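J.: Submitted below is the structure of interest, expressed as structure tokens.
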Amino acid sequence: MNLTLTSLGGAGTVTGSRHLLEAGGRRILLDCGLFQGLKNLRLRNWDAFPVDPATIDAVVLSHGHLDHCGYLPKLVREGFRGQIVCTPATEAVAEIILKDSGRLQEKDAESANRHSYSRHQPALPLYTEHEAIRALKRFSPLAFDQERELSGGARLRLRRAGHILGAATVELRWQGRTVVFSGDLGRYGDPLMPDPEPVSHADILLVESTYGDREHEPVDAETTLGDIIERTVRRGGTVVIPAFAVGRAQLLLYHLWKLKSQGRLPLIPVYLDSPMAIAASRLLEQFPDDLRLDREASRRVCAVAEYVEDVEHSKAVMMSPHPKVIIAASGMATGGRVLHHLKASGRDHRNTILFSGYQAAGTRGAALVGGAREVKIHGSWLEIRAEVAQLPMLSAHADCGEIITWLRGFKAPPRQTFVVHGEPSASEAMRVKIGRELRWDCTVAEAEKPYSI
Ligand code: ZN
Numbered sequence: 151m152n153l154t155l156t157s158l159g160g161a162g163t164v165t166g167s168r169h170l171l172e173a174g175g176r177r178i179l180l181d182c183g184l185f186q187g188l189k190n191l192r193l194r195n196w197d198a199f200p201v202d203p204a205t206i207d208a209v210v211l212s213h214g215h216l217d218h219c220g221y222l223p224k225l226v227r228e229g230f231r232g233q234i235v236c237t238p239a240t241e242a243v244a245e246i247i248l249k250d251s252g253r254l255q256e257k258d259a260e261s262a263n264r265h266s267y268s269r270h271q272p273a274l275p276l277y278t279e280h281e282a283i284r285a286l287k288r289f290s291p292l293a294f295d296q297e298r299e300l301s302g303g304a305r306l307r308l309r310r311a312g313h314i315l316g317a318a319t320v321e322l323r324w325q326g327r328t329v330v331f332s333g334d335l336g337r338y339g340d341p342l343m344p345d346p347e348p349v350s351h352a353d354i355l356l357v358e359s360t361y362g363d364r365e366h367e368p369v370d371a372e373t374t375l376g377d378i379i380e381r382t383v384r385r386g387g388t389v390v391i392p393a394f395a396v397g398r399a400q401l402l403l404y405h406l407w408k409l410k411s412q413g414r415l416p417l418i419p420v421y422l423d424s425p426m427a428i429a430a431s432r433l434l435e436q437f438p439d440d441l442r443l444d445r446e447a448s449r450r451v452c453a454v455a456e457y458v459e460d461v462e463h464s465k466a467v468m469m470s471p472h473p474k475v476i477i478a479a480s481g482m483a484t485g486g487r488v489l490h491h492l493k494a495s496g497r498d499h500r501n502t503i504l505f506s507g508y509q510a511a512g513t514r515g516a517a518l519v520g521g522a523r524e525v526k527i528h529g530s531w532l533e534i535r536a537e538v539a540q541l542p543m544l545s546a547h548a549d550c551g552e553i554i555t556w557l558r559g560f561k562a563p564p565r566q567t568f569v570v571h572g573e574p575s576a577s578e579a580m581r582v583k584i585g586r587e588l589r590w591d592c593t594v595a596e597a598e599k600p601y602s603i
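Residue numbers (this note's numbering): 151 to 603.
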């Protein structure tokens, strides 16, 4: 029977990951992510879903990042009634991320109405926290390396992808073909996450290419982080680290803990000012089998920071004139408490804003890293005089060499390989590299184009 693949997102961009598989009138959606970054991308979240959500049999999630699961509440509101299958840890991560996303959408709409900076009157949230909770009721976790038959007859297996807690590569055997989706691949030798597990066979492969055109520099993360903190503290300043609440924030805690245990961290307070990052840090102790650290080590890593749960405490931290490190979400400064910290710290040249990962085009993070000295926050322009630095080596994503390492795990070239999840130049570079190093034919998937596979 004919099998069709259509990338409804996560093609030509790193956000909005959604790949639709169709056979004999049945539909399975791989990932159901939110578009983030540039306004024309974000606006796509408001478009009607290209197929009727009620006709989708099942959704399989590679992992719980917002750009892979953040559209689910809208999909469920618009009629999706099937199972959402992912690993147990991804379910826990998605719970944190989706509830937060619903809350943020409500808050943004409310604030746009209050300050009337939206062109839409009244501004509505994309979805609410309540709708996020409704979507969570459809989750049906599947442990790594177990098999399950999905509605429609496809057999599913999830394997470790590294990247973040719970992240999986997806193998679907359907209509006599094996489709493998890399999801987001992690790095080899990450201190917290296991290496991406090799997969030996695929007829059709979807491989990510976030860093398809880049090799991560072999820089010592701890030393760089320690140096930045030290020179900021010497100026009497504060280091504000916008961090992805899940994954990056915990990796930062790990490196700070290492610095502290080696006596290389100045004696200043470290705050984790993000209820979502705090909840994600607590998950480390809950899923030791999915990590390289045991429970006790996870507990010690998390204890390096003081948790800032409520807004009053967050304000007190912000007002304190003393040098400190503040880790707050979101990682690309697109929302969350970090915006308040940027407003409080951004104007003072003694402070440092330290970005800790990939900055998608169109975000405040990308603008600042690119040299912008003015950013718009909550409707007003803010002059930035603080030092702006970046720790790209803390990426949770494999670079192009590491993606090739994972691809070498296949015993034979897949019949068709689609490069997805990258900016156009990164995906094209990945396609060329796969052709050159592995001699595989591959295609950069075009968004919305149905491929017969
Ligand atoms: Zn991810």
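Idealized CB from N, CA, C, for every residue including glycine.
Remember, it's a predicted structure, so these values are computed and weren't measured experimentally.
List the whole-angstrom C-beta distance separating Ala273 from Ser212, where the pair is believed to meet the contact cut-off of C-beta under 8 angstroms.
T.: Counted from its first residue, the sequence shown places residue 273 at position 123. Counted from its first residue, the sequence shown places residue 212 at position 62. In fact, because the Cβ distance is near 31 angstroms, the residues do not count as touching under 8 angstroms.
J.: If the criterion is Cβ atoms closer than 9 angstroms, does the pair Gly521 and Ala483 meet it?
T.: For this step, residue 521 is matched to residue 371 along the sequence shown. For this step, residue 483 is matched to residue 333 along the sequence shown. No, Cβ-Cβ distance for Gly521 and Ala483 is not below 9 angstroms.
J.: Listed by chain order, which residues have C-beta atoms less than 5 angstroms from any heavy atom of ligand 1?
T.: This criterion selects His215, Asp334.
J.: Apart from the five residues just before and just after Arg309, which ones in its own chain have a Cβ nearer than 8 angstroms to its Cβ?
T.: Position 159 of the sequence shown, counted from the start, is the residue given in the question as residue 309. Closer than 8 angstroms at the Cβ level, and outside the excluded window around Arg309, lie Phe294, Asp295, Ala318, Thr319, Glu321, Glu347, Val349.
J.: Give the range of the alpha helix (DSSP H) segment to which Gly159 is assigned.
T.: Walking along the sequence shown from the start, residue 159 turns up at place 9. Per DSSP, Gly159 belongs to no alpha helix (DSSP H); it is in the beta strand (DSSP E), 153-159.
J.: If you follow the alpha helix (DSSP H) that Leu254 is part of, which residue opens it and which one closes it?
T.: Start at 1 with the first residue of the sequence shown, and residue 254 comes out as number 104. Per DSSP, Leu254 belongs to the alpha helix (DSSP H) from 238-264.
J.: To which residues does DSSP link Ser602 through a beta bridge?
T.: Counting from 1 along the sequence shown, the entry for residue 602 is found at position 452. Ser602 pairs with Thr154.
J.: Going along the chain, which residues of its own chain have a beta-carbon closer than 7 angstroms to the beta-carbon of Tyr508, five neighbours each way excluded?
T.: Your numbering for residue 508 matches position 358 in the sequence shown. Only Thr360, Ser545, His547 meet the Cβ criterion.
J.: Step through the CB atoms of chain D and report whether any lies within less than 9 angstroms of the CB of Val389.
T.: Included in the structure is just one protein chain, with no chain D present.
J.: Roughly how many angstroms separate the alpha carbons of Arg305 and Gln412, rounded to a whole number?
T.: In the sequence shown, the residue the question calls residue 305 occupies position 155. In the sequence shown, the residue the question calls residue 412 occupies position 262. Distance between the alpha carbons of Arg305 and Gln412: 48 angstroms.
J.: According to DSSP, what are the bridge partners of Lys526?
T.: Looking up residue 526 in the sequence shown gives position 376. In the DSSP output, where bridge partners are listed per residue, Lys526 has Trp531.
J.: Is the beta carbon of Trp407 within less than 8 angstroms of some heavy atom of ligand 3?
T.: For ligand 3, the structure offers nothing, since it holds only ligand 1.
J.: Check this for me: beta carbons of Thr567 and Glu537, under 9 angstroms apart or not?
T.: The residue given as residue 567 occupies position 417 in the sequence shown. The residue given as residue 537 occupies position 387 in the sequence shown. No, the Cβ-Cβ distance between Thr567 and Glu537 is not below 9 angstroms.
J.: Within its chain, find whatever has a CB closer than 7 angstroms to the CB of Ala510; leave out the 5 residues flanking it on each side and keep chain order.
T.: The residue you call residue 510 lines up with position 360 of the sequence shown. So the list reads Val164, Thr165, Gln186, Gly187, Met482, Ala516, once near-sequence residues are dropped.
J.: Am I right that Leu286 and His313 are in contact with their C-beta atoms under 8 angstroms? What's the rounded C-beta distance?
T.: Taking the first residue of the sequence shown as 1, we reach residue 286 at position 136. Taking the first residue of the sequence shown as 1, we reach residue 313 at position 163. Not a contact, Cβ separation roughly 21 angstroms.
J.: Checking 9 angstroms against the spacing of the C-beta atoms, do Phe289 and Glu256 come in under that value?
T.: Here residue 289 refers to the residue found at position 139 when the sequence shown is read from its first residue. Here residue 256 refers to the residue found at position 106 when the sequence shown is read from its first residue. Contact flag unset, no.
J.: Based on DSSP bridge pairs, tell me the residues matched to Phe657.
T.: Because the chain here runs from 151 to 603, residue 657 falls outside it and cannot be looked at.
J.: Grouping DSSP H, G and I as helix and E and B as strand, with all else coil, what is Val519?
T.: Here residue 519 refers to the residue found at position 369 when the sequence shown is read from its first residue. Note: Val519 maps to helix in three-state DSSP.
J.: Helix, strand or coil for Glu435 per DSSP?
T.: Reading the sequence shown from its first residue, position 285 is the one you call residue 435. Glu435: helix per DSSP, three-state reduction.
J.: For Ala597, list the residues DSSP reports as bridge partners.
T.: If you number the sequence shown from 1, residue 597 lands on position 447. Answer is Ser157.
J.: Compare the C-alpha of Leu292 against each of His280, Thr374, Arg284, Gly316 and name the closest.
T.: Numbered from its first residue, the sequence shown carries residue 292 at position 142. For the residues His280, Thr374, Arg284, Gly316, the minimum Cα distance to Leu292 belongs to Gly316.
J.: Between the alpha carbons of Ala494 and Thr388, how many angstroms are there, rounded?
T.: Taking the first residue of the sequence shown as 1, we reach residue 494 at position 344. Taking the first residue of the sequence shown as 1, we reach residue 388 at position 238. Computed Cα separation, rounded: 10 angstroms.
J.: On a Cα-Cα basis, can you pick out the residue from Lys474, Pro600, Glu446, Arg385 that is closest to Ile391?
T.: Position 241 of the sequence shown, counted from the start, is the residue given in the question as residue 391. Selected option, being the one with the closest Cα: Lys474.
J.: Starting from His490, trace the alpha helix (DSSP H) both ways and give me its first and last residue.
T.: Position 340 of the sequence shown, counting from 1, holds the residue named residue 490. It spans 488-495 - the alpha helix (DSSP H) in which His490 sits, taken as one unbroken run.
J.: Sort His215, Leu193, Arg177 by Cα distance to Gln233 and report the nearest one.
T.: If you number the sequence shown from 1, residue 233 lands on position 83. Checked all of His215, Leu193, Arg177; the closest Cα to Gln233 is Arg177.
J.: Alpha carbon to alpha carbon, what distance is there between Met151 and Leu401?
T.: As a first step, residue 401 must be located in the sequence shown, where it is residue number 251. As a first step, residue 151 must be located in the sequence shown, where it is residue number 1. For Leu401 and Met151, the distance between alpha carbons rounds to 45 angstroms.
J.: Does the beta-carbon of Glu172 have 16 or more other beta-carbons within 10 angstroms, so that it is buried, or is it exposed?
T.: Taking the first residue of the sequence shown as position 1, residue 172 is located at position 22. With 16 or more Cβ atoms within 10 Å of its Cβ, Glu172 is classed as buried.
J.: Please confirm if the stretch 325-334 is in contact with the stretch 349-358, defined as three or more CB-CB distances below 8 angstroms between the two stretches.
T.: Contact between the stretch 325-334 and the stretch 349-358 is present, because at least three Cβ pairs lie under 8 angstroms.
J.: Going by alpha carbons, who is nearest to Val235 out of Trp590, Glu372, Cys182?
T.: Here residue 235 refers to the residue found at position 85 when the sequence shown is read from its first residue. If we check each option's Cα against that of Val235, Cys182 comes out closest.
J.: For Arg364, which residues in the same chain have their Cβ closer than 7 angstroms to its Cβ, ignoring the five residues on either side in sequence?
T.: In the sequence shown, counting from the first residue as 1, residue 364 sits at position 214. Excluding positions up to five away in sequence, the list reads Asp549, Cys550.
J.: Enumerated in chain order, which unbroken segments of the beta strand (DSSP E) with a length of 3 residues or greater are wholly contained in the stretch 450-483?
T.: Counting only runs of 3 or more, we get 475-478.
J.: Using three-state DSSP, classify Val383 as helix, strand or coil.
T.: The residue you call residue 383 lines up with position 233 of the sequence shown. Helix at Val383.
J.: Quick one: residues in its chain with C-beta nearer than 6 angstroms to the C-beta of Arg227, no 5 flanking neighbours on either side, listed in chain order?
T.: Along the sequence shown, one-based indexing puts residue 227 at 77. Closer than 6 angstroms at the Cβ level, and outside the excluded window around Arg227, lie Glu281.
J.: When burial is assigned at 16 or more other CB atoms within 10 Å of the CB, is Gly214 buried or exposed?
T.: Against the sequence shown, residue 214 aligns to sequence position 64. Buried, by the Cβ-count rule.
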